[in-house]
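Take a look at the structure below.
There are 2 protein chains.
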Amino acid sequence: MICTDKNCFSPETVRRLAVYLQNFERLIKNGVDVVSSGQISKLLNVSPEQFRKDLSYFGEFGKRGVGYQTESLVYELKKILGLNQAWQVALVGVGRLGCALLNSQDFSELNVRITAAFDSDKKNIDKTVNGIHIHDIINFKKIIKQKKIRICVISVPLDHAQAVTDLAVESGIEAILNFAPVILNVPENIHVSNMDIYCELERLIFFLNK
Amino acid sequence: MICTDKNCFSPETVRRLAVYLQNFERLIKNGVDVVSSGQISKLLNVSPEQFRKDLSYFGEFGKRGVGYQTESLVYELKKILGLNQAWQVALVGVGRLGCALLNSQDFSELNVRITAAFDSDKKNIDKTVNGIHIHDIINFKKIIKQKKIRICVISVPLDHAQAVTDLAVESGIEAILNFAPVILNVPENIHVSNMDIYCELERLIFFLNK
DNA sequence: AACTGTGAAGTTTTTCACAGCC
DNA sequence: GGCTGTGAAAAACTTCACAGTT
Chain F
311 MICTDKNCFS PETVRRLAVY LQNFERLIKN GVDVVSSGQI SKLLNVSPEQ FRKDLSYFGE
371 FGKRGVGYQT ESLVYELKKI LGLNQAWQVA LVGVGRLGCA LLNSQDFSEL NVRITAAFDS
431 DKKNIDKTVN GIHIHDIINF KKIIKQKKIR ICVISVPLDH AQAVTDLAVE SGIEAILNFA
491 PVILNVPENI HVSNMDIYCE LERLIFFLNK
Chain S
311 MICTDKNCFS PETVRRLAVY LQNFERLIKN GVDVVSSGQI SKLLNVSPEQ FRKDLSYFGE
371 FGKRGVGYQT ESLVYELKKI LGLNQAWQVA LVGVGRLGCA LLNSQDFSEL NVRITAAFDS
431 DKKNIDKTVN GIHIHDIINF KKIIKQKKIR ICVISVPLDH AQAVTDLAVE SGIEAILNFA
491 PVILNVPENI HVSNMDIYCE LERLIFFLNK
């Protein structure tokens, strides 16, 4: 549970807010000006009450009898999520997955961007992927401090994930997006999000089995 | 909430079971024979009661006064998750991410494996990645039926994700792991799991902002 | 003594239902 | 009439606390 001065809300609310933002941005691109919570509900598989309540923790953004204006809701969602400023992200491990992540970046979208990559393999160091320079991991702390980066993506092999995490924490990183299939050991003030493909597949298989 | 004939449990329980399995397999590799819920708790950031209760929905796997035998728990977890049989997975979209996923497969682990890949780009079709043949997407339905594949990974660009999903559903696919940043529209008997890197990063940023 | 398994209690999250506004 | 915002009720999920086993 997350509490501000005014309200308490579920961590799931935050996850959904990011989905709302993404989809409202697309609605704008598709020329949609106004949507109701009922329409959103069908689009995103979230109940209309859930959508309204998620937003209500942060203010009153809709118009009764009308719905939500897409443009202004995107503005508000960005403000809520902290995306009205630019965020730099570091990435460690420029293997196939790391490379795919570096290349997935769309430079028209400026809010969140991987701006520094690191590897330990001489073959990769000082190369450039999608305009991003790959540094020697030895210089991690120095560059993180210099660029004041607070978020790090870890896409190294399993065996190195904890060592990289320790280095990241020591360097002042506060949030980690981890692709290695392991639960990282971190101090409790550090936020970790795990993306584990095989766990997700296994979860799906469980549901197929009944 | 998921109910069997005996019990009802949270969908989160299933997600955690996959994490337990992964970590118990590593414990075995490290030569650990027996662990208590308290030790697991420290390792995985799950309360000991949570761990015990998650397992209790499926049987009694521990020994009072002792703990859990790693070997036998792995066996039980595989049985619970349905991993005591082989599962074939299809993948659509052999771009950088798709390629990384195909290459990430460890052939010593046999339970879940991507055995068919699909693309629409002539450049990729009939090539082989990590021993997996890339088929023309035109033959998707035929091959899925032939191989009796029930699970599909979608790693195509945003604009094609819904069309691929429709094709998958029409072909009899029952579970989808989706990497495209969009909520897919599917019939309600189809299971979808979304892995959205930018949503996760935005979630982390929210927490950094307070 | 140490640790599991589990009803019951407590907490969190979602849904309901309706007042309030366009 | 249609849709939002929100307390109150319901449902879901986690933790407690302790009986039971080795």
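So the sequence lines, in the order shown, correspond to chains F and S. First residue of the first sequence: 311, per our numbering; consecutive thereafter. First residue of the second sequence: 311, per our numbering; consecutive thereafter. In this text, a Cβ means the ideal position worked out from N, Cα and C, and glycines have one as well.
Beyond the five residues adjoining it in sequence on each side, F:Leu-331 comes within less than 6 Å, by CB distance, of Leu-387 in the same chain, given in chain order. When C-beta atoms of the region 466–484 of chain F are compared with those of the region 437–446 of chain F, fewer than three pairs fall below 8 Å, so the two segments do not count as touching. Of all residues in the region 450–462 of chain F, only Arg-460, Ile-461 place a beta-carbon less than 9 Å from a beta-carbon of chain S.
Short of 6 Å from the beta carbon of S:Gln-379, and not among the five residues preceding or following it, lie these beta carbons of its own chain, in chain order: Val-344. Straight through space, the alpha carbons of F:Val-422 and F:Leu-393 are spaced by roughly 8 Å. Residue pairing by DSSP puts F:Leu-487 in a beta bridge opposite F:Val-463, F:Ser-503.
From the beta-carbon of S:Gly-392, the residues of chain F found nearer than 8 Å are Ile-515, Phe-516, Leu-518, Asn-519.
Apart from the 5 residues on each side of it in sequence, S:Asn-504 sits with its Cβ closer than 6 Å to the Cβ of Asn-488 in its chain, given in chain order.
At a cut-off of 7 Å between C-beta atoms, S:Leu-354 counts as an interface residue with respect to chain F. In the three-state scheme derived from DSSP, where H, G and I count as helix and E and B as strand, S:Phe-319 is classed as strand.
Per DSSP, the continuous beta strand (DSSP E) segment holding S:Phe-428 begins and ends at 422–429. Per the DSSP secondary-structure output, S:His-470 pairs with nothing in a beta bridge. About 6 Å separates the beta carbon of S:Glu-484 from that of F:Leu-518, a gap short enough to meet the 8 Å contact definition. In the DSSP assignment, F:Gly-377 falls within the beta strand (DSSP E) that extends over 377–379. With respect to F:Ser-346, F:Phe-361 sits apart: the two C-beta atoms are not nearer than 7 Å. Within the region 403–417 of chain S, the residues whose Cβ lies closer than 8 Å to any Cβ of chain F are, in chain order, Gly-405, Arg-406, Leu-407, Cys-409, Ala-410, Leu-411, Asn-413, Ser-414. Across the region 497–515 of chain F, CB contacts with chain S closer than 8 Å involve His-501, Ser-503, Met-505, Asp-506, Ile-507, Tyr-508, Cys-509, Glu-510, Leu-511, Glu-512, Arg-513, Leu-514, Ile-515, in sequence order along the chain. In the three-state DSSP reduction, S:Ile-493 falls in the coil class, being neither helix nor strand. At a cut-off of 7 Å between beta-carbon atoms, F:Pro-491 makes contact with chain S. Nearest in C-alpha terms to S:Asp-429, of all of S:Leu-391, S:Ser-465, S:Lys-339, is S:Ser-465. With a threshold of 7 Å between beta carbons, F:Arg-325 makes contact with chain S. Beta-bridge partners assigned by DSSP to S:Asp-446: S:Asp-429.
For the pair F:Ile-447 and F:Val-399, the CB atoms are not nearer than the 7 Å cut-off. For S:Thr-438, DSSP records a beta bridge to S:His-443. Going by beta carbons, F:Leu-401 and F:Ala-427 fall inside the 7 Å limit.
Taking 7 Å as the threshold, the shortest C-beta distance from F:Gln-332 to chain S falls below it. For S:Leu-401, the enclosing beta strand (DSSP E) begins and ends at 397–402.
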